[in-house]
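These notes are about the structure you will find just below.
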Amino acid sequence: MITLVTGATQGLGLALAEGLAQRLTPQDTVYLTGRDATRVAAAVEAVPAGGAQVRGEVLDMAGPVDRFARQVEERHGGIDVVFGNAVMRIGPDDEPRAIIDEYTEVNNFGTTRLLNAFAPVLNDNGRLIVVASSLGTLHHLAPVLHRRFTQPSSVDEVDAQITRWRDDVKAGRFGAWPAFINIPSKIGQVAAVRALAAQRRETDATRGVLIAAVCPGMINTPTSALWWDVSTAPTPAQAAGPLLDLALGPARPEHYGELVRAGEVLPFS
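In this note's numbering, the protein residues as written are 160 to 428.
Right under this line is the structure:
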């Protein structure tokens, strides 16, 4: 089995890579990726010995993700599990207008690059899972903005809506948009998953492929602690468990194209 985790040098991403390595065999490969070579190497060293082979690779989600996907296909013929976990984190003191370009480039356009690059190289029974959030539901967005994320029928159309939102933020035109930029970003991620899944649903059903977004819930990490009291929240390793179950267990048709938390679907709208 060939697996990949993006944003895997710390927190949930590292826990997912460690969990895959523990659950798989020495004949399997886990690609542990991040954009900093030093941190990737340190993360690989931190993974306990035994289980799958852990291979560190530099992968910048703002860069040529499709090239890396082709390399994986050339080496292995395809891929079985992809976790899209790369994210640019924000703190309460960050100014949205100052960071929105980099933020969308990694979190949103990076997600769609991953979807476009790895969906075509998924093996039968493959899993393509984007780590999102319960904030990625329309419940958190003003109704006047809902159609921007329900009408797109392709990943490119979702990208166009994210571009419009990004430009509004840069220009200070927040209007009905929430001030917390994580909300539209997460909704955009889930909308992209839904758009891709709608195009592939029939074919993927015959091949046992699952494309989904996943909500890991609140996690006790330093970044989350900047916003909330996470002292009683699960550790990254604990939060990774249900995500690994989703990736390595039988595909459930009701999960396809949806946002899943602890095995249950969170309605988009």
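Just so you know, even glycine gets a beta-carbon here, dropped at the ideal spot from N, CA and C.
Quiz item: Does the Cβ-Cβ distance between residue 162 and residue 192 come in under 8 Å?
Solution: Residue 162 is not a Cβ neighbour of residue 192, given a cutoff of 8 Å.
Exercise. Could you tell me whether the stretch 398-413 touches the stretch 311-327, where touching means 3 or more Cβ pairs closer than 8 Å?
Key: Verdict: no, contact absent.
Quiz item: Using the C-alpha atoms, what's the distance from residue 241 back to residue 419?
Solution: A direct Cα-to-Cα measurement between residue 419 and residue 241 gives close to 16 Å.
Quiz item: To the nearest whole angstrom, what separates the beta carbons of residue 349 and residue 340, a pair I think is in contact under 8 Å?
Solution: Beta-carbon to beta-carbon, residue 349 and residue 340 are separated by about 15 Å, too far to satisfy the 8 Å threshold.
Quiz item: Which residues in the same chain as residue 325 place their Cβ atom closer than 6 Å to its Cβ, once the five residues preceding and following it in sequence are excluded?
Solution: Excluding positions up to five away in sequence, the list reads 259 and 263.
Quiz item: Roughly how far, in whole angstroms, is the beta-carbon of residue 268 from the beta-carbon of residue 353, given that I think they are within contact range, below 8 Å?
Solution: Between residue 268 and residue 353, the beta carbon gap of about 17 Å keeps them out of contact (Cβ cut-off 8 Å).
Quiz item: Counting only runs that start and end within the stretch 277-350, where is the alpha helix (DSSP H) found for 4 or more residues in a row?
Solution: The qualifying runs are 306-309 and 314-329.
Quiz item: What does a CB cutoff of less than 6 Å around residue 396 pick up in its chain, not counting 5 residues either side in sequence?
Solution: Taken in chain order, the residues that qualify are 174.
Quiz prompt | Identified DSSP bridge partners for residue 193 | solution = Paired residues: 217.
Exercise. Would you mind reading off the limits of the alpha helix (DSSP H) that contains residue 231?
Key: If you look at residue 231, you'll find it in the alpha helix (DSSP H) that goes 224-235.
Quiz prompt | Limits of the unbroken alpha helix (DSSP H) element including residue 163 | solution = Segment 161-164 is the beta strand (DSSP E) holding residue 163; no alpha helix (DSSP H) there.
Exercise. For residue 335, count neighbouring C-beta atoms within 10 Å of its own C-beta (all shown protein chains included) and say buried if the count is 16 or more, exposed if not.
Key: By the Cβ neighbour-count rule, residue 335 is exposed, with fewer than 16 other Cβ atoms within 10 Å of its own.
Quiz item: Which one of 343, 278 and 388 has the shortest CA to CA distance from residue 301?
Solution: Among 343, 278 and 388, the Cα nearest to that of residue 301 belongs to 343.
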